[in-house]
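Take the sequence shown: its position 96, counting from 1, is numbered 234 in the working numbering, and each next residue is one higher.
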Amino acid sequence: MEYTMEHYRQSADDLRSRIGSFRPEVFLVLGSGLGFLAEQVEDACAIPYTEIPHFPASTAPGHKGRLVFGLLEGRRVAVMQGRTHYYEGYSLQDVTFAVRVVRLLGAEAMVVTNACGCVRSDWQAGSLMLIQDHIKLCLDSPLRGANPEAFGPRFPDMSHVYTPRLQDIARESAKALGIALKEGVYMFFPGPQYETPAEVRAARLLGADAVGMSTVPEVIAARHCGMQVLGLSLLTNMASGILAQPLSEQEVLDAAAAASEQFSRLVRQCLCRM
Ligand code: HPA
Numbered sequence: 139m140e141y142t143m144e145h146y147r148q149s150a151d152d153l154r155s156r157i158g159s160f161r162p163e164v165f166l167v168l169g170s171g172l173g174f175l176a177e178q179v180e181d182a183c184a185i186p187y188t189e190i191p192h193f194p195a196s197t198a199p200g201h202k203g204r205l206v207f208g209l210l211e212g213r214r215v216a217v218m219q220g221r222t223h224y225y226e227g228y229s230l231q232d233v234t235f236a237v238r239v240v241r242l243l244g245a246e247a248m249v250v251t252n253a254c255g256c257v258r259s260d261w262q263a264g265s266l267m268l269i270q271d272h273i274k275l276c277l278d279s280p281l282r283g284a285n286p287e288a289f290g291p292r293f294p295d296m297s298h299v300y301t302p303r304l305q306d307i308a309r310e311s312a313k314a315l316g317i318a319l320k321e322g323v324y325m326f327f328p329g330p331q332y333e334t335p336a337e338v339r340a341a342r343l344l345g346a347d348a349v350g351m352s353t354v355p356e357v358i359a360a361r362h363c364g365m366q367v368l369g370l371s372l373l374t375n376m377a378s379g380i381l382a383q384p385l386s387e388q389e390v391l392d393a394a395a396a397a398s399e400q401f402s403r404l405v406r407q408c409l410c411r412m
């Protein structure tokens with residue numbers, strides 16, 4: 139459905155009535171392997187998506203769909219515990235609904251993480267990557283349709299999508315922790331099928347270092363409404379065609395689990411310094 143300002147406002151008003159004077163500073167959107175950070179939020183107030191007006195709620199069984207408000211590394215955060223993806227059948231407006239609502243609650247920055255495929259044969263699976271920029275050639279956009287001017291302009295500038303100051307913070311954080319952090323371009327594919335080897339070669343030719351099925355919609359919505367953005371990727375696997383073996387979801391989940399400790403230390407360190 140197409141949301142109007144009224145929908146976002148009603149959602150934000152409802153949340154305000156539950157969280158009192160708490161105002162999130164940072165919106166955290168966590169990808170595979172990092173979801174457990176939502177459990178580590180202190181003084182947490184967790185609100186199921188199903189209880190928030192207009193909020194697109196996942197119907198997947200066993201799926202924890204909650205917005206968690208509280209403190210992480212002393213920062214006031216709102217964390218999405220359970221994320222929606224375009225490939226699940228949600229529209230890009232659904233996928234980005236929470237970004238605008240949390241913006242209305244006062245958040246000025248978004249930290250987004252994901253698991254993705256590595257398209258560079260000179261890098262290894264298991265690496266962490268700071269997102270410097272992205273490519274999205276699929277037709278849809280979360281900003282398509284009527285533009286709620288209160289959030290941002292009809293044709294928003296995308297020249298510094300990933301906030302330079304936050305990129306510096308991520309570099310410094312990785313250095314302080316002794317974590318190797320690659321840097322590169324993330325290319326969005328709508329999924330749910332993994333890419334073909336030819337698509338991966340095309341992505342590489344176009345300048346991509348990683349391919350994945352999330353993050354970019356949320357990032358576009360966040361930039362549109364003036365939020366600062368930090369994007370961090372875990373390269374869980376070599377993308378299709380790079381190795382002589384098929385991709386499996388299990389490989390992705392195992393790699394995400396193996397790197398989760400290091401990845402969460404990096405995210406926490408970034409929060410500390412933001
Ligand atoms: N492609 C797209 N999305 C992904 C991949 C991939 O190789 N790995 C994890 N998410």
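Just so it is clear, CB atoms sit at the ideal spot from N, CA and C, and this is done for glycine as well.
**OP:** State whether the region 140-152 contacts the region 179-199, with contact taken as three or more CB pairs (one from each stretch) at a distance under 8 Å.
**Re:** Touching, yes, given that three or more Cβ pairs across the two stretches are closer than 8 Å.
Original post:
Beta carbon of Thr374: closer than 6 Å to some heavy atom of the ligand FAD?
Top reply: By its list of ligands, the structure shown excludes the ligand FAD, since it contains just the ligand HPA.
**OP:** Tell whether a beta-carbon distance below 7 Å holds between Leu153 and Pro355.
**Re:** Contact: no.
**OP:** Using only the heavy atoms of the ligand HPA, determine whether one of them is closer than 6 Å to the beta carbon of Tyr300.
**Re:** For Tyr300, the CB stays at least 6 Å from every heavy atom of the ligand HPA.
Original post:
Who are the near neighbours of Asn252 in its chain, counting only those whose CB is closer than 6 Å to its CB and skipping five residues on each side?
Top reply: Result list for Asn252: Gly169, Gly350, Ser352, Thr353, Ser371, in chain order.
**OP:** Find the nearest neighbour of Glu389 within the set Leu381, Met296, Thr374, judged by alpha-carbon distance.
**Re:** Comparing Cα-Cα distances from Glu389 to each of Leu381, Met296, Thr374, the minimum goes to Thr374.
Original post:
Are the Cβ atoms of Gly171 and Ala395 separated by less than 7 Å?
Top reply: It is a contact, given that the beta carbons lie within the stated cut-off.
Original post:
Whole-angstrom Cβ separation of Arg238 and Gln219, contact assumed at under 8 Å?
Top reply: That belief does not hold up - the Cβ atoms of Arg238 and Gln219 are roughly 18 Å apart, past 8 Å.
Original post:
Nearest to Leu209 by CA position, among Tyr228, Tyr225, Cys183, Met248, is which residue?
Top reply: For the set Tyr228, Tyr225, Cys183, Met248, the Cα lying nearest the Cα of Leu209 is the one of Cys183.
Original post:
Whose C-beta lies closer than 8 Å to the C-beta of Gln270 among residues of the same chain, with five residues either side of it excluded?
Top reply: In the same chain as Gln270, and ignoring 5 residues on each side of it, the C-beta atoms closer than 8 Å to its own belong to Tyr300, Gln305, Glu321, Gly322, Val323, in chain order.
Subject >> Spatial distance of Gly173 from Leu404 (CA atoms) >> reply: Between the C-alpha atoms of Gly173 and Leu404 there is a straight-line separation of about 14 Å.
Subject >> Nearest-angstrom Cβ-Cβ length linking Val217 and Val233, presumed shorter than 8 Å >> reply: Contact between Val217 and Val233 does not hold, since their C-beta atoms are separated by about 16 Å, which reaches or exceeds 8 Å.
Subject >> Coil, strand or helix - Arg186 by DSSP >> reply: The sequence shown places Pro at residue 186, rather than the Arg named in the question. The answer is strand: DSSP assigns Pro186 an E or B state.
**OP:** Return the chain-ordered ranges of every beta strand (DSSP E) run that is complete within the region 330-396 and spans a minimum of 3 residues.
**Re:** Segments of the beta strand (DSSP E) lying fully in the region 330-396: 348-350, 366-376.
**OP:** Tell me whether Lys202 sits in a helix, a strand or coil according to DSSP, three-state version.
**Re:** Correct three-state label for Lys202: coil.
Subject >> Segments assigned beta strand (DSSP E), at least 3 residues, entirely inside the region 227-292 >> reply: For the region 227-292, whole beta strand (DSSP E) runs of length 3 or above, ordered along the chain, are 247-256, 266-274.
Original post:
What's the C-alpha gap between Asp278 and Phe327?
Top reply: Asp278 and Phe327: Cα-Cα distance of roughly 11 Å.
Subject >> Supposed close pair Ala308, Cys410 - CB separation, criterion 8 Å >> reply: About 12 Å separates the two Cβ atoms, so there is no contact after all.
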